[in-house]
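One structure is given below, encoded as structure tokens.
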Amino acid sequence: MLIDENEFIPYKVGGLLYTPATNMTISDKIRHHSIDCLTSIVFCLEDSIGDAELPEAESNLKEILISLKDTDNLPLMFIRVRTPNHLEHLYEYLKNNLENVTGFVLPKFDMSNIDDYFEVIGYINHESGKPKYIMPIIESRMIAKSCNRLAELEKLKSRMDSMKKYILNVRVGGNDFLNIYGLRRNVVQNIYQIGIVRNILVDIASVFSNDYVVSGPVWEYYDNGGDDKWKTGLEKELELDRLNGFIGKTSIHPSQLPFIWDSLRPTKSDFEDAETILRWSDKGGVKGSSDGRRMNEVKTHRNWARVTYILGTIYGTKENL
């Protein structure tokens, strides 16, 4: 293989399906593989769960994990916690049932809580038999402020790099940023049309995407049996996600997953070019593409080739444009 297998797992998250941990039907759907294109799922104990419901949600989550213990071909499974203290509590509560859990999603992640989160995840990985990854969500007001955003992001990344081996994805809270400014996109708009939030997302990608997989923000419209506007809007935003360096997307409904999967598939010519570039010597070289339409240069296209090859290997390819 042209690329080490260990480099593939961050890209296997793909469309991360959110479900409240109170969802009583999800374990059967996972067990029977009835959700198309499901690569990863997160059981949410944060925003989707009221404070009074939390004990019930935690109990239900334990039952879900127990019911899936002997299931083959599970998606990557994550738990979204509330705070570092909640992460610590949840690990103690679930530690005998975490064998199939890939890791934890950490909301409102910034310099105010990073050390506390890292202390707990360090302890968990010291105790655990296999790595438990984290996916921090960058979505707080501290990051939204334009006057010091880049400095704050650079400081955050520098601290995160010390735990890089446990960070599977960096995620962004698009709706949280929109909420700060009292904004919301409709079904025919996309988040990149909202300049104030687009700038935040582009800054996050510019700081993190060279070293981490950064996933795109949630699209909140889905198939309700009506028209296809939700699908057209999702496809456009997915196109712009990829163009701006975001790989994968948070999903809030199974109907979105096939479109996220398809957005991750490179064209056949892109995949062929990527494979060719990765086989070239590091000394450099320039060649025409497999379809004869463009120039490939090893020194300037190697990073693109690496990502394209990984995505094509995981998700397959599609017809050329």
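Residue numbers for the sequence shown, in the numbering used here: -12 to 308.
Cβ coordinates follow ideal geometry from the N, Cα and C atoms, glycine included.
Keep in mind it's a predicted model, so treat the numbers as computed, not measured.
When the five nearest sequence neighbours on each side are left out, the beta carbons in the same chain lying within less than 7 Å of the beta carbon of Ser196 are those of Gly232, in order along the chain.
Sequence-distant Cβ neighbours of Lys142 in its own chain, meaning closer than 7 Å and more than five residues away, are Met98. Look at Met147 here: in three-state DSSP terms it is helix.
A straight-line Cα-Cα distance of about 14 Å links Leu188 and Ile167. Rounded to the nearest whole angstrom, the C-alpha separation of Lys152 and Pro(-3) is 11 Å. Inter-residue distance for His240 and Ala292 is about 31 Å (C-alpha atoms, whole angstroms).
Taking 3 residues as the minimum length, the beta strand (DSSP E) runs contained wholly in the region 11 to 55 are 27 to 31, in order along the chain. Taking the Cα positions, Pro245 is about 15 Å away from Pro62. Between Thr254 and Asn177, the gap from beta carbon to beta carbon reaches 7 Å or more. Cβ contact annotation for Ser27 (same chain, cutoff 8 Å, sequence separation greater than five): Lys(-1), Val0, Gly1, Gly2, Leu3, Leu4, Pro62, Leu63, Met64, Phe65, Thr89, in chain order. Apart from sequence neighbours up to five positions away, the residues of its chain that approach Ser256 with a beta-carbon distance below 6 Å are Ser277, Asp278, Asn307, ordered along the chain.
Taking a contact to require three or more Cβ pairs closer than 8 Å, the region 154 to 166 and the region 198 to 210 qualify as touching. One thing to note: Thr304 has its Cβ within 7 Å of the Cβ of Phe258. By the Cβ-count criterion, Arg67 is buried, with 16 or more other Cβ atoms from all chains shown falling within 10 Å of its own Cβ. Sixteen is the threshold: when 16 or more other Cβ atoms of the shown chains lie within 10 Å of the Cβ of Asp228, as they do, the residue is buried. Here the C-alpha atom of Lys236 lies approximately 14 Å from the C-alpha atom of Leu298. For the options Ile247, Trp248, Asn156, Arg281, the alpha carbon positioned closest to that of Asp260 is the one of Arg281. Contact check for Asn173 against Met122 fails: the beta carbons are separated by 7 Å or more. Cβ neighbours of Asn84 within its own chain (closer than 7 Å, five residues either side excluded): Lys49, Leu52, Ile53. In terms of CA proximity to Met150, Gly109 leads the group Thr300, Asp210, Gly109. Excluding its 5 nearest sequence neighbours in each direction, Cys24 has C-beta neighbours in its own chain below 6 Å: Leu244, Pro245, Trp248, listed in chain order.
Every beta strand (DSSP E) stretch that sits fully inside the region 142 to 191 and reaches 3 residues is listed by chain position as 157 to 159.
Taking 7 Å as the cut-off, the Cβ atoms of Lys119 and Ile111 count as close. Taking a C-beta distance under 7 Å as the contact criterion, Ser250 and Asp210 do not qualify as a contact pair. Nearest to Tyr80 by alpha-carbon distance, out of Thr219, Glu43, Met11, is Glu43. Restricting attention to Val294, Phe30, Pro94, Glu139, the CA atom closest to the CA of Asp198 is found in Val294. In the structure shown, the three-state DSSP call for Thr237 is strand.
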